[in-house]
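Sequential numbering of the sequence shown, starting at 6, is according to this note's numbering.
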Amino acid sequence: MDENLIPIKQIIKEEIGDESAYRTWIEPLNFKDYTGNILVLSAPNKFFGEWINDHYRQTIQSCASRFLRTDNLKIRIVIDDNETQAAPPTLKLDESQAVNPRASSDPPLFNPAYTFDTFVVGDSNQFAHAACLAVASNPGHTYNPLFIYGGVGLGKTHLLNAIGNYAIGKGLVSSQANISFVNGDDFTNEVVNAIRYDRMLEFRRKFQNADILMIDDIQFIAGKERTQAEFFHTFNALYVAKKQIVVTSDRFPKDIKDLEERLRSRFEWGLIADIQPPDIETKVAILKKKSERENIHLPDDVAMFLASKSSSNIRDLEGMLTRLGAFASLTGQPITVSFAKEALRGIIKDTDKPVIVEDIQKVVCEHFGIRITDIKSKRRSKSLVIPRQIAMYLSRNLCKVSLADIGEKFGGKDHSTVIHAINKIEKQLENDTYLTQAIEEIKSKIYS
Ligand code: ADP
Ligand code: MG
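See the structure below:
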C-alpha cells in the first residue's frame with residue numbers, strides 16, 4: 006500500500022531538502038487511507054506522530070495537496086499496528102486549520118497542551134508569566150496592552166495559548182468566539198482578503214468585538230501600511246472599551262524596524278515584559294516535566310546533558326527529547342548519556358572539540374560580514390568594535406589562551422583592551438536578548 010505515497014514522499018523530500026530529516030521522519034510513514042479528502046498516514050509510535058504533527062504536518066499537507074490536486078485536504082496521523090490511540094490532541098487544532106486554510110477567521114482553538122500548568126517558571130520568564138496570568142485572570146483591567154517580547158522558542162506562543170485556555174476555563178469570557186487570536190501574518194492576510202473581497206466591515210466587526218485580542222509575532226505587520234492602520238483602529242476601539250490586548254514580538258517595540266511610531270507608542274502605554282533565554286536549571290525542569298507527561302524515563306544526568314548541550318530555543322530542547330523517546334521506544338533501550346549521544350549525533354554540538362582563536366575570528370567575521378583584517382585592525386567604527394569584542398569574549402571563554410595571547414592575535418592589542426572588551430560583552434549579556442542569541446548562533450557555528 007505504501008506505493009501510494011511514493012510520489013508524495015518524493016515531493017516532500019524535495020521540499021525539505023534535508024536527506025537525514027527525510028529519512029528519519031518521512032520515510033517511515035505509511036499510507037492508510039484516502040477517502041473524502043482525508044489522507045490517513047500512520048507513524049510507528051506516538052512520539053513519531055507528535056513530531057510529525059508539530060514539524061511536518063504543514064509540509065505534508067501542502068505537498069500532498071499539490072499531488073492530489075485538492076486544496077481542501079485533511080491530514081490525519083494515526084499510530085501503526087493495533088494501537089488505536091488517536092493522534093495527539095494538538096491534531097484537533099491542526100485538522101481544523103487543514104479544513105480551512107484561513108482558519109484564523111474561525112473561532113480560535115487553543116492548544117490544550119499550552120497552559121499555565123505546563124509552563125515551567127524560572128528567572129528568565131517569571132515576569133512574563135506573572136503578567137500573562139494577571140491579564141488572563143482579569144482581562145482588560147490590569148495591564149493593557151501587554152507586550153511580551155523574547156527570542157525564538159522561548160515560550161511566547163505558549164503563554165498566549167495559556168491566557169486563552171485559562172480565560173475560557175474560568176469562564177472569564179463568554180465563549181471562544183470572543184477571543185481573537187492570530188499571528189501577525191494571519192492578521193495581514195485577513196486585511197488583504199477583506200480588502201480584496203470587499204469585506205472590511207466584517208473584518209472590523211470581528212476584531213473590534215473581541216473581549217481579548219491576541220496577536221502573536223506582531224513584528225510581521227511592520228512595513229505593511231494598511232495592516233498597521235487597521236491594527237491601529239482595532240487597537241483604539243478595544244482599548245477604549247477596556248478590552249484586553251496582548252501582543253508578542255521577537256524584539257522590543259523600539260527595535261521593530263518599520264513599525265509606525267503611533268503603534269510603538271501605544272505598545273508602551275501598557276506593560277512590556279521580556280522573556281530571556283532559560284538557564285540550565287530551567288531547561289532541566291522543562292525536560293523533566295515534559296518527559297513525565299510523555300512517559301519517557303529520563304534520568305537526571307541525561308536531562309543535564311541535554312540542557313547543557315542545547316541552545317536557548319526550547320523547541321529544540323523538546324525536539325531532542327522527542328527524538329530520544331522515539332529512539333528508545335523503537336530500539337527498546339534505556340535512555341543513558343551514551344545512548345543520547347548516539348541518538349542525537351549530528352544534532353547536539355560537540356563542545357569538547359578544541360577551538361582556536363582563528364576559528365572564532367573566522368566565524369565571527371562571516372556572521373557580521375566583515376574581513377579578518379578588519380577584526381584585527383585598530384579601526385573603531387561600531388560595526389567593527391562589536392564583532393571584535395564578541396570575538397575576544399568568545400576566545401576567552403572557549404579557548405585556553407591568556408589575555409595577552411588574545412591581544413596578540415587581534416593585531417597586537419594590549420591586555421587592558423581585551424579585559425575591557427570581555428567586561429563590556431558580559432555586562433551587555435545581562436539584558437540584551439539579541440546579543441545572547443547572536444552569540445549562541447556563533448557558538449553553534451563554531452562547533453558545527
Ligand atoms: P515562541 O513562540 O517564543 O517562539 P513557543 O511558545 O512556541 O516559543 O515555545 C516553543 C516550545 O517550547 C513550545 O513547545 C513550548 O511549549 C515550549 N516552552 C517554552 N517555554 C516553556 C516553559 N517555560 N515551560 C514549558 N515549556 C515551554
Ligand atoms: Mg511563537
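Just so you know, even glycine gets a beta-carbon here, dropped at the ideal spot from N, CA and C.
This structure is a prediction, so every number in the text was calculated from the model and none was measured.
- For D222, the CB falls within less than 7 Å of some heavy atom of the ligand MG.
- The DSSP-derived three-state label of S185 is strand.
- Using a cutoff of 7 Å, the CB of T162 counts as near the ligand MG, since one of the ligand's heavy atoms is closer than that.
- Per DSSP, reduced to three states, the secondary structure at K175 is coil, with no helix or strand assignment.
- In this structure, the ligand ADP has no non-hydrogen atom nearer than 7 Å to the beta-carbon of V360.
- According to the DSSP assignment, N35 belongs to the beta strand (DSSP E) that extends over 35-40.
- Y439 is classed as exposed because its beta carbon has fewer than 16 other beta carbons within 10 Å across all chains shown.
- As summarised for the segment 350-416, the continuous alpha helix (DSSP H) elements at least 4 residues long and confined to that stretch are 362-373, 377-381, 387-403, 408-414, given in chain order.
- Contact check for I285 and S313: beta-carbon distance about 6 Å, within the 8 Å limit, so the pair qualifies.
- Sequence-distant Cβ neighbours of K358 in its own chain, meaning closer than 8 Å and more than five residues away, are Y452.
- Only buried fits K418, as 16 or more other CB atoms lie within 10 angstroms of its CB.
- Look at V157: its beta carbon is less than 7 Å from one of the heavy atoms in the ligand ADP.
- Of G330, R393, I395, the smallest CA-CA separation from N50 is found for G330.
- The closest heavy atom of the ligand ADP lies less than 7 Å from the beta carbon of T123.
- DSSP places L311 in the helix class (H, G or I) of the three-state scheme.
- Taking a C-beta distance under 8 Å as the contact criterion, Y154 and S67 do not qualify as a contact pair.
- Annotated three-state conformation of F272 is helix, per DSSP.
- DSSP, reduced to helix, strand and coil, places V251 within a strand of the structure shown.
- Between L243 and L218 a beta carbon distance of about 6 Å is seen, short of the 8 Å cut, so the two are scored as contacting.
- When rounded, the separation of the alpha-carbon atoms in G228 and I250 is 21 Å.
- Counting C-beta atoms within 10 angstroms of its own C-beta, K262 has fewer than 16 neighbours from the protein chains shown and is therefore classed as exposed.
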